[in-house]
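Engineer:
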Amino acid sequence: MTLKKDSNNYVIGVDYGTDSVRAVLVNAGDGSELASSVFTYPRWNKQLYCNASKQQYRQHPLDYMEGIGYVVQDCLKQAGEGAAEQVKAISIDTTGSTPVLVNREGVPLALLPGFEDNPNAMFVLWKDHTAIREAADINQQPEAEKYLRYCGGIYSSEWFWAKWLYLLRNDERIRTEAYSCVEHCDWMPFLLTGGKDVHNLKRSICAAGHKALWAESFGGLPPNSFFAQIDPLLDGCADRLFTETYASNVPAGTLCAEWAEKLGLSTDVIIGVGAFDAHMGAVGGQIEPYYLSKVMGTSTCDMLAIPRDEMKDIVVKGICGQVPDSVIPGMIGLEAGQSAFGDIYAWFSKLVNRSIPELSEAAAALPLEEEDEIAVDWLNGRRTPDANQELKATISNIDLGSDAARIFKALVEATCFGARAIVERFVSEGVPIKGLIGLGGVAHKSPYVMQLMSDVTGMPIRIHRSGQTCAAGAAMFAAVAAGIYPAVEDAMKAMGQGFKHTYHPRTSLTQYYSRRYQRYQWLGEHTTRRKITNSRSRYEFIREQAWQANMQLPAAGLVVATFGNVSAADQAGGVFAIKPSGVPYEQLTPAKMVIVDFEGRVIEGSLRPSSDTLTHAVLYKHWSQVAGICHTHSTYATAWAQSLKDIPLFGTTHADHCTTSIPCAAPMRDELIKGDYEYATGFQIMECLLERDLDHRNVEMMLVGNHAPFTWGRDAAKAVYNSVVLEQMAKMALLTLQIDPKALRMKDALIQKHFERKHGPGSYYGQ
1 MTLKKDSNNY VIGVDYGTDS VRAVLVNAGD GSELASSVFT YPRWNKQLYC NASKQQYRQH
61 PLDYMEGIGY VVQDCLKQAG EGAAEQVKAI SIDTTGSTPV LVNREGVPLA LLPGFEDNPN
121 AMFVLWKDHT AIREAADINQ QPEAEKYLRY CGGIYSSEWF WAKWLYLLRN DERIRTEAYS
181 CVEHCDWMPF LLTGGKDVHN LKRSICAAGH KALWAESFGG LPPNSFFAQI DPLLDGCADR
241 LFTETYASNV PAGTLCAEWA EKLGLSTDVI IGVGAFDAHM GAVGGQIEPY YLSKVMGTST
301 CDMLAIPRDE MKDIVVKGIC GQVPDSVIPG MIGLEAGQSA FGDIYAWFSK LVNRSIPELS
361 EAAAALPLEE EDEIAVDWLN GRRTPDANQE LKATISNIDL GSDAARIFKA LVEATCFGAR
421 AIVERFVSEG VPIKGLIGLG GVAHKSPYVM QLMSDVTGMP IRIHRSGQTC AAGAAMFAAV
481 AAGIYPAVED AMKAMGQGFK HTYHPRTSLT QYYSRRYQRY QWLGEHTTRR KITNSRSRYE
541 FIREQAWQAN MQLPAAGLVV ATFGNVSAAD QAGGVFAIKP SGVPYEQLTP AKMVIVDFEG
601 RVIEGSLRPS SDTLTHAVLY KHWSQVAGIC HTHSTYATAW AQSLKDIPLF GTTHADHCTT
661 SIPCAAPMRD ELIKGDYEYA TGFQIMECLL ERDLDHRNVE MMLVGNHAPF TWGRDAAKAV
721 YNSVVLEQMA KMALLTLQID PKALRMKDAL IQKHFERKHG PGSYYGQ
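Below you can see the structure in the form of structure tokens.
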């Protein structure tokens with residue numbers, strides 16, 4: 001059914017931003033705004049459930065639920081009596097990727113008893129970067145090149161699968177209760193339509209294609225084997241998601257009775273399929289083919305819409321995806337963006353306690369010099385080109401004359417250079433850009449930034465008249481979902497508010513900014529190389545440590561064949577280097593040491609790590625003072641382990657190193673043997689010490705019953721030293737008992753004396 005455009009057909013567009021939710025009540029006939037309302041998230045406003053030091057940003061579903069209730073009711077109240085009866089549809093956009101874990105009924109875990117204050121049960125906001133390691137694991141999957149093809153070839157920590165995996169890895173209760181994972185833009189229509197089964201939830205092609213690896217060319221999501229190989233925790237997760245996806249011009253359903261009552265609307269109101277804010281914002285800003293639509297707020301989201309037949313076989317590398325129907329149905333939607341934009345200006349404004357307009361005015365008045373301060377804009381990592389959230393910002397050419405205005409100018413230039421880098425990536429990949437469309441708060445509030453961006457990119461920037469293009473775009477999609485318009489293009493033409501200003505590049509500055517852009521590129525490359533070099537240097541150091549320590553084992557007579565292993569850890573980096581499995585000692589080199597994180601995942605290296613890797617990982621994860629672990633099958637210590645006997649304290653050699661017998665852990669229980677054996681061995685060691693009230697910092701060696709010895713220390717060399725000493729102590733104890741089976745433990749006074757000679761504030765042994 002197509003409704004008449006000249007009747008009072010009202011639609012509501014709802015835009016969920018980072019800090020607040022906004023609704024606009026719009027006359028679908030001409031796009032005129034009848035009312036608008038904003039609700040600031042109360043919990044988010046207090047920064048509850050967030051930890052900036054960890055880049056953890058979470059939002060409670062109650063903020064979203066309370067928000068939509070308020071803004072819709074407020075709009076209807078402003079519009080006056082009779083307005084509610086004229087509302088035909090509601091469509092919603094949200095930030096993204098902002099997923100949440102849900103139960104089988106599609107309820108976010110934070111709404112269930114016992115999870116109300118658990119950040120891992122809440123929506124993981126788009127700018128949350130806790131999943132950097134998980135993104136790296138996805139990118140290293142052997143088939144990643146195939147399945148990441150349509151999201152630019154690099155998976156980001158800001159996206160769906162990385163965040164889901166992080167939550168599963170880091171919260172056992174969440175792992176037990178979670179059934180599936182849902183994007184914010186998909187959950188809101190599900191909520192409003194009264195959904196009760198997550199399998200009936202209509203997933204948007206926008207979220208699925210840009211963030212969750214859905215693609216037409218391989219018939220949906222990657223196969224389960226792809227995800228299971230990344231981590232067994234993902235095994236089966238794809239089966240609990242979706243096969244079908246939907247463009248936002250179709251209905252998700254109608255308003256359920258519960259929410260109709262809450263909002264004061266009819267159950268006949270159509271709820272459209274959701275999408276991300278930038279995609280609907282591009283429509284609200286009247287996007288045209290080959291014009292880059294930049295939604296500029298805290299970050300930027302850059303959208304292109306290209307006719308399918310003109311896109312042909314082009315696949316753009318290093319962007320945030322190209323997905324059919326994600327912006328305008330019938331066209332390919334391409335997404336890019338900058339991880340920080342307005343956030344950079346706000347950060348600096350707060351830092352120097354000067355307003356952004358004041359800083360802009362001062363910066364605009366400065367003369368342009370070749371040696372001016374220059375910056376790279378990666379204060380929140382780099383989204384595109386080529387996502388890398390670990391990168392950091394840089395400011396160069398600072399001296400004692402660098403005041404707030406000069407540094408602010410460098411930061412604004414950097415954000416504009418970042419915009420140019422995105423334009424150049426599209427062009428270099430065969431997608432021409434005709435011009436820019438400026439949307440969002442920065443586009444409206446900062447002529448200085450917009451003019452500079454036009455100068456830097458060498459392109460005109462049209463500023464859309466609407467200050468709320470995301471909400472306006474949602475309203476346009478609502479009008480199409482309700483049948484008021486047959487296509488999104490028709491809704492844009494009828495409801496769009498047009499453009500209020502165009503910034504043109506000043507040709508006199510073209511060469512100046514091109515030279516500055518080259519410096520920006522050089523500085524960015526230098527920053528990237530330095531990051532890589534630092535990582536390699538750190539790995540090389542622990543690789544060298546691990547190799548040297550392993551080579552001491554055969555020299556000390558502690559191993560035969562390929563038995564045994566030593567690891568060296570970087571506790572700050574959360575990684576360790578360990579001997580590869582089954583490689584003869586004479587063939588070892590530093591380069592063959594495998595880099596593993598504290599979850600047991602290989603970070604770098606072509607060989608399989610030691611079969612005991614998970615034991616090392618567990619101990620490192622729980623013992624932050626330990627940076628070296630050694631495991632051997634040395635003859636005497638292993639004999640004691642096989643006899644299930646502690647090594648008694650008979651003499652001063654033993655007392656020089658600890659004041660207790662060397663403990664032997666009881667044999668592992670059958671159910672643990674059948675499970676993750678090496679992982680359980682780590683806990684077997686810790687539990688033995690705990691049961692005997694021993695501190696691993698004072699007792700740096702022990703036996704695992706029916707197995708062999710483990711030792712540890714402040715570094716790998718100390719761990720090997722402890723293994724050498726342990727073997728001698730085991731041998732001496734055995735010989736002592738052979739001489740006198742009734743030999744007595746050394747008396748306490750002598751034990752204490754010898755231990756304190758080498759340990760504690762009164763030690764006096766050595767130079």
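Residue 599 in UniProt numbering is what sits at position 599 of the sequence shown, and the numbering runs on without skipping anything. Each residue gets a CB set at the ideal place from its N, CA and C atoms; glycine is no exception. These numbers were taken from a predicted model, which means no experiment stands behind them.
Find the nearest neighbour of Trp44 within the set Gly29, Gly31 and Val21, judged by alpha-carbon distance.
Structural biologist: Of Gly29, Gly31 and Val21, the residue nearest in Cα terms is Val21.
Engineer: Going by beta-carbon coordinates alone, are Thr457 and Phe341 separated by less than 9 Å?
Structural biologist: Result no, Cβ atoms of Thr457 and Phe341 do not sit closer than 9 Å.
Engineer: Taking the Cβ atom as the reference point for each residue, do Gly438 and Met296 lie within a distance shorter than 9 Å?
Structural biologist: Yes, the Cβ-Cβ distance between Gly438 and Met296 is below 9 Å.
Engineer: Would Leu109 and Glu177 qualify as a contact pair, given that the criterion is a beta-carbon distance under 9 Å?
Structural biologist: Yes. Within cutoff.
Engineer: Per the contact definition of three or more C-beta pairs closer than 8 Å, is the stretch 52-64 in contact with the stretch 137-144?
Structural biologist: As far as the Cβ criterion goes, the stretch 137-144 does not touch the stretch 52-64, which means the pair count is below three.
Engineer: Give the single residue among Gly284, Leu644, Lys262 and Asp377 whose Cα lies nearest to the Cα of Glu525.
Structural biologist: Considering only alpha carbons, the answer is Asp377.
Engineer: Do you know how far the Cα of Gly600 is from the Cα of Ile174?
Structural biologist: For Ile174 and Gly600, the distance between alpha carbons rounds to 20 Å.
Engineer: Kindly list the residues whose CB is nearer than 7 Å to the CB of Ala478, restricted to its own chain and excluding five residues on each side of it in sequence; keep chain order.
Structural biologist: Contacts found: Val11, Ile12, Gly13, Ala89, Ile90, Ser91 and Gly272.
Engineer: Tell me whether Tyr512 sits in a helix, a strand or coil according to DSSP, three-state version.
Structural biologist: Correct three-state label for Tyr512: helix.
Engineer: Do Val124 and Leu165 have their CB atoms nearer than 9 Å?
Structural biologist: It is not a contact, given that the beta carbons lie outside the stated cut-off.
Engineer: In the DSSP assignment, find the unbroken alpha helix (DSSP H) run with Asn170 in it and report its ends.
Structural biologist: Its alpha helix (DSSP H) spans residues Phe160 to Asn170.
Engineer: Rounding to the nearest angstrom, what Cα-Cα distance links Glu244 and Cys185 in this structure?
Structural biologist: Taking the straight line joining both Cα atoms gives about 16 Å.
Engineer: If you count every other CB in all the chains shown that lies within 10 Å of the CB of Lys753, and 16 or more means buried, which is it?
Structural biologist: Flag for Lys753 reads exposed.
Engineer: Which of the three DSSP states, helix, strand or coil, is assigned to Glu678?
Structural biologist: In this structure, Glu678 counts as helix in the three-state DSSP scheme.
Engineer: Quick one: give me the first and last residue of the alpha helix (DSSP H) that Leu265 is part of.
Structural biologist: Element bounds for Leu265: n/a, residue is neither H nor E.
Engineer: I need the DSSP call for Leu221, collapsed to helix, strand or coil.
Structural biologist: Leu221: coil per DSSP, three-state reduction.
Engineer: Which residue's Cα is closest to the Cα of Ile319: Leu304, Asp309 and Pro223?
Structural biologist: Ranking the options by Cα distance to Ile319, first place goes to Leu304.
Engineer: In the DSSP output, what is Leu101 paired with across the bridge?
Structural biologist: According to DSSP, Leu101 bridges with Cys181.
Engineer: Using the Cα positions of Asp235 and Gly284, report the straight-line distance between them to the nearest angstrom.
Structural biologist: Distance between the alpha carbons of Asp235 and Gly284: 39 Å.
Engineer: Can you tell me whether DSSP reads Val560 as helix, strand or coil?
Structural biologist: Val560: coil per DSSP, three-state reduction.
Engineer: Work out the CA separation of Ala364 and residue 773 for me, nearest whole Å.
Structural biologist: Since the displayed the chain opens at 1 and closes at 767, residue 773 lies outside it and no answer follows.
Engineer: Go to Asn139, then tell me how far its alpha helix (DSSP H) extends in each direction, as first and last residue.
Structural biologist: Start and end: Ile132 to Asn139.
Engineer: According to DSSP, simplified to helix, strand and coil, what is Lys621?
Structural biologist: DSSP places Lys621 in helix when its eight states are reduced to three.
Engineer: My parser needs the alpha helix (DSSP H) runs of 4 or more residues fully inside the stretch 300-356; what are they?
Structural biologist: Counting whole runs of 4 or more residues, the stretch 300-356 contains the alpha helix (DSSP H) stretches 308-311 and 342-352.
Engineer: Provide the residue span of the beta strand (DSSP E) that contains Gln629, from first to last.
Structural biologist: Here the sequence assigns Ile to residue 629, which means Gln is not the residue at that position. Gly628 to His631 is the extent of the beta strand (DSSP E) around Ile629.
Engineer: Which value, in whole angstroms, describes the spacing of the CA atoms of Val327 and Val38?
Structural biologist: So the two alpha carbons sit approximately 25 Å from each other.
Engineer: Under DSSP, the beta strand (DSSP E) around Pro409 begins and ends at which residues?
Structural biologist: Note on identity: in this sequence residue 409 is Lys, with Pro being the wrong assignment. It is not in any beta strand (DSSP E) - Lys409 instead sits in the alpha helix (DSSP H) that spans Ala404 to Ser428.
Engineer: Evaluate contact between the stretch 251-270 and the stretch 183-198, counting only Cβ atoms and requiring at least three cross-stretch pairs below 8 Å.
Structural biologist: Contact between the stretch 251-270 and the stretch 183-198 is present, because at least three Cβ pairs lie under 8 Å.
Engineer: Since Ile751 and Leu607 should fall inside the 8 Å C-beta cutoff, what is the C-beta to C-beta distance between them, to a whole number of angstroms?
Structural biologist: 44 Å between Cβ atoms; not a contact.
Engineer: Give me the residue from Val315, Arg240 and Leu334 with the minimum Cα distance to Asn200.
Structural biologist: Comparing Cα-Cα distances from Asn200 to each of Val315, Arg240 and Leu334, the minimum goes to Arg240.
Engineer: Relative to the alpha-carbon of Pro42, which residue among Val24, Thr18 and Lys54 has its alpha-carbon at the smallest distance?
Structural biologist: If we check each option's Cα against that of Pro42, Thr18 comes out closest.
Engineer: Which of helix, strand or coil does DSSP assign to Thr2?
Structural biologist: Caution applies to Thr2, whose pLDDT of 46 falls short of 50 and renders its modelled position unreliable; the value that the coordinates give is listed next. It is coil, neither helix nor strand.
Engineer: When you compare only the Cα positions, how much space is there between Ala443 and Gly605?
Structural biologist: Those two C-alpha atoms are separated by around 46 Å.
Engineer: What is the rounded straight-line gap between the Cα of Ser624 and the Cα of Gln571?
Structural biologist: Near 7 Å, if we compare the C-alpha coordinates of Gln571 and Ser624.
Engineer: Assuming contact is defined by CB atoms lying nearer than 9 Å, are Ala336 and Pro385 in contact in what I supplied?
Structural biologist: Contact: yes.
Engineer: Are the stretch 421-431 and the stretch 462-477 touching, with three or more C-beta to C-beta distances below 8 Å?
Structural biologist: Contact between the stretch 421-431 and the stretch 462-477 is absent, because fewer than three Cβ pairs lie under 8 Å.
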